[in-house]
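Chains as they are written, first to last, in our numbering: chain A, -1 to 239; chain B, -1 to 239; chain C, -1 to 239; chain D, -1 to 239; chain E, -1 to 239; chain F, -1 to 239.
Right, dumping it as structure tokens:
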């Protein structure tokens, strides 16, 4: 969908910035719905999840099309998605926010991790969530859910634009996840958002230091007073940021 | 998606049977989720809506992709859907059950009706609902909604399998709507369901007559007593059904 | 559950008073949750629905217990409820506010009406709603729903205390329905509530007349001014109320 | 809150335009949340509701502060709102989208109508809804609800900015309601929105005529073809619009 | 309700299998709704919860029936349930998914644990949740909730079939809980499900080992390739499973 | 709003009692809705949060009024609330239960903590939740949410009565939070509730000891047997409570 190839530099920047900063940077550009709502880390991780979106679309399962035997089919889209998600990508699943059944379990997600994916996000459930939590690869879900995906979800399409947690996700969009949740950065904006957020984080680190030293918010955050601005410049020099 | 072509005979049968009968006939075959939930007639009509599904899929609107000017694009999928929905088909729209914005208004739906469509179903909103209500063509929606679809919905795909009101809808599935709502009949079952339902309705008409004459339900509905069965056979002969 | 037998006098009073007045009278006694939430008339009627509750409890349907053939069982609780609901009673169904399937259809409700029931209330769906609407007997539901009750609901218990639309309903409680909806009056309060409401309605008719003649609300409703009180006494004498 | 005084000309224009047109005109200006969600006409009216907002804010009722006797207080904000809402204004109530209790009943709304208000909008319930439906003044609500407002809602503030159906409403904003629902026009935009919508409606009337005569949507709506533009100009001249 | 007595062998098997496996085994038998939705461990435990269901049904609390003094009644069903739940059983409470009030607190649940119950499940709230979390006995709830159950829930029936988290629960059904949540196994299926799941878990442990060694999913899970099958047989022999 | 000044004695008592006890004590006085629903600790703390409410009211954000630049305004109510919340008070935010956007982030909440506030409660989201979790000051929220408050919420009023999680909160009401959640004590009841709860907790500690020693609930909790009462008196003497 997008020809954008994320550079190592942008990847490195996005590893260090918060979803809150990304949300603000997108807000300034008029994009208000890029946070995937209702999705939580299966287990918090030390590092951000960063990678382009590779998508899987589910529709409601019709019983006659979804006997347990469909998984024997080598073309089953859920299995194919797990085996074809490119290295460094994030598998994003549209389960219509219906977590009454799983969209995957620990065996498939372990395979996904071993294949080198950067993470997985679903607005449905995950089963064997404890096994998924134990992986190094970050995973985001609505909640644990024991029932097999066949109960409610038929895997249908791979790498088409989808909805996930009420956010639009186009294949190739850059997903960034931290403990607050997951932001979707439109691919064409990834470089500039990454750059802008590095600056925001630098300033916020300075502000947090000032606040911890007793500074008031007004005039400092955002910076509307000249002497705060000067202190920030000094802080940047001193800290190399 | 389906090669099934509905015959005139099946069409005629489905014009006369209720969605309740269809739901029961599908239930007997293990299909429990074919009723489009949360969707109501814009205005009740005298006749059933009957036709194969032609689908339109919306995803959440990203602000930069959905300025008002996109409608000037001759390829805009919503407009294309209206102009390409085949005669006798039902346009079915997947709006992710989000009726906070419209999925179409009276001008487009009037055009759809004039092009010969059999009806329209959306699990989102419709605007200018009064104008739509006045058309002969049946329309089903979640509720009236003034905001343009661009506010929340980006029209994306035409004639792919979708979710509508939590039911799976494959292009070519046969939709039947009455005042209770809309059922989705998998294409390959349409002929047998139509036939079975004609029989069910015949029996239910007999039962209703008996009940109005003071008969009790137990033993009659379903028919487990021999003499009810005989009375029904006599009724059928007398009434030619 | 209750030995209370409603007198003809109380029945006659409750035929004339509004659910709004009943709600206020119960509110004065500390009862705040006696309105059945989320339930609407299938079709508005000219007269109030009034009668003691006869209850039917559904639980979620387990597939192996609910094949279509269970209706052949003469003991099926839904059928038994229809055939045993006493004359003048209201059949109240607990469907856990889940209207994705019906709790009854027009044949059963027609039988119920012919047997002399005073009405039916369900917090689930009704199928063939148009047929039910056409009956003289009032019916209240969450919405039309084509799927058979077996899809989601197993009829289990008759005449036990239930929840209906988040209100507690004990067998024998007096239900009153108008176009606003349905109130549940605990049986032991029915006589005094009926009497009190007749007085409230008398006063409110007077107030409405005054308002239509240009009177202000404050001091009049509730009546805190002496001369309003005197005018009301005069009005009562003149109108025999 | 706003010094804007709506002119008769703007009032007259807004009487004739649809909420759908207003939503689109506001959308073009970046305002996406001005439709009051989840609110319906108590009974459809022939004419638009048009008027500046006069607001009433409810918070959750604390039992000790809301005995039935509070209505005897001449300062009770609900009563005061009814008696002080200026002529031609729309009373807009913030009930936190909780319709499990009423926010007013027919006596108060009758008084409001007689005092010359242009309408009433609540995102909660209304009781004695049938009496309210019978008034000439338009009323919008979430649904009928018998319980007195004291059950869940304490009237607190008059004419402060509120939320109604998830839309921001500032006192003096111009409300327009038709059968689709209610739009909130920020006061400072009312004149230009009214003017723009008159033009949109003129064009849409032309388009609808063309569609009824067999024209296709693409190229016509929006108008991207020269000859459609010329036909429209001719139509305007002929019809004086 | 059920005469089934769980054997030690079945109990031991169910201690070792996951709710995900149970869900799949039931799915194969056409049972799709046996997962208790919206219910989470108060604190994750090392071992599965396993035991037959002993049920408690709440209905909405009517204020006059639920003063704080009702707990002084030796027959209060909530207290009786705590004192009569058989050793090794799981107390399952139907709170209509309403967690705005508790269904029990730490004192009662401590007593239940000391009496030898296998666990507790409620689709309502629990208060003093930290005290409950500290017990060895597993507990599942919707969320912490400080208000006493009397606020919203009247304990009514003991050991009748109920709904819990939208799943049907019959007394004597076997409940199994792990960190994903709780499955309800119909009593008559417990032995065969336990046996089948032991086999599934054996195979899944093998698969997980293969995946960790780099194997692809397709052809392995489910096993459709002959050589995977042979490797599995070898693995079973080697590992004694 | 309230002239009540909490004494050190009451503060100390409330530090030691549970929200469950407070809920019961308020229930005895007819107050059933003082638990803030749907709000959870960002991270559990060892001590109770105790302090008078200082409130901030948000309404839905209108896009033209909420560009990112509004934070430069020294009067922005969110910033002013952070800088003026009195020492020892709890900042309580009304976000209409809409957690799709944040109501504050870690910099502001760090400043609030450093200024000596007793805690923060919002029924919306918080961003940089991990930074907030790390503070000593307790914080309660609906869930983490990366988007800036401007996305959905306009900060409007300071220290007016609000709704938070469906509970009424008046400035000066005493908030107490533990791991179950947050209770709102009307200011005029704080002293008597604190005193009563100390007694309840004393008794419950005794009961828990008895239960751990094998005592049954009935007759003990509540205490209806004489010898339990005597044992309790002895326990009090021995333990100085």
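Even glycine gets a Cβ: it sits at the ideal position worked out from N, Cα and C.
Could you tell me which residues DSSP pairs with residue i in its beta bridges?
{"i": "residue 152(E)", "result": "57(E)"}
{"i": "residue 52(A)", "result": "89(A)"}
{"i": "residue 39(B)", "result": "138(B)"}
{"i": "residue 119(E)", "result": "90(E), 138(E)"}
{"i": "residue 124(F)", "result": "142(F)"}
Determine the DSSP secondary structure at residue i, reduced to helix, strand or coil.
{"i": "residue 133(A)", "result": "coil"}
{"i": "residue 29(E)", "result": "coil"}
{"i": "residue 143(D)", "result": "coil"}
{"i": "residue 104(F)", "result": "helix"}
{"i": "residue 195(E)", "result": "helix"}
{"i": "residue 20(A)", "result": "helix"}
{"i": "residue 160(A)", "result": "strand"}
If you follow the beta strand (DSSP E) that residue i is in, where does it begin and where does it stop?
{"i": "residue 6(C)", "result": "Not the beta strand (DSSP E): residue 6(C) falls in the alpha helix (DSSP H), residues 6 to 12."}
{"i": "residue 166(E)", "result": "165 to 167"}
{"i": "residue 179(A)", "result": "179 to 183"}
Measure from the C-beta of residue i to each C-beta in chain C and report whether the shortest distance is under 7 Å.
{"i": "residue 80(D)", "result": "yes"}
{"i": "residue 33(D)", "result": "no"}
Between residue i and chain F, is the shortest Cβ-Cβ distance under 7 Å, so that the two count as touching?
{"i": "residue 4(A)", "result": "no"}
{"i": "residue 246(D)", "result": "Here chain D covers residues -1 to 239 and nothing more, so residue 246(D) does not appear."}
{"i": "residue 161(D)", "result": "yes"}
Is the CB-CB distance between residue i and residue j below 7 Å?
{"i": "residue 162(D)", "j": "residue 34(D)", "result": "yes"}
{"i": "residue 111(E)", "j": "residue 87(E)", "result": "no"}
{"i": "residue 46(D)", "j": "residue 174(D)", "result": "yes"}
{"i": "residue 240(F)", "j": "residue 82(F)", "result": "Here chain F comprises residues numbered -1 to 239, so residue 240(F) is not present and cannot be evaluated."}
{"i": "residue 141(F)", "j": "residue 97(F)", "result": "yes"}
{"i": "residue 160(D)", "j": "residue 79(D)", "result": "no"}
{"i": "residue 89(E)", "j": "residue 52(E)", "result": "yes"}
{"i": "residue 28(E)", "j": "residue 61(C)", "result": "yes"}
{"i": "residue 167(F)", "j": "residue 182(F)", "result": "yes"}
{"i": "residue 136(F)", "j": "residue 43(F)", "result": "yes"}
For residue i, decide whether its Cβ has a neighbour in chain A, counting only Cβ atoms nearer than 7 Å.
{"i": "residue 208(B)", "result": "no"}
{"i": "residue 173(B)", "result": "no"}
{"i": "residue 242(B)", "result": "The structure shown does not extend to residue 242(B), since chain B spans only -1 to 239, so no value can be given for it."}
Taking the alpha helix (DSSP H) that residue i belongs to, which residues open and close that run?
{"i": "residue 221(C)", "result": "Residue 221(C) -> no alpha helix (DSSP H), and no H or E assigned at all."}
{"i": "residue 174(A)", "result": "Taken as a continuous stretch (DSSP letters only), residue 174(A) belongs to no alpha helix (DSSP H), being part of the beta strand (DSSP E) at 172 to 176."}
{"i": "residue 77(C)", "result": "75 to 82"}
Is any beta-carbon of chain B found at less than 7 Å from that of residue i?
{"i": "residue 0(A)", "result": "no"}
7 Å is my cut-off, CB to CB: does residue i come that close to chain D?
{"i": "residue 199(B)", "result": "no"}
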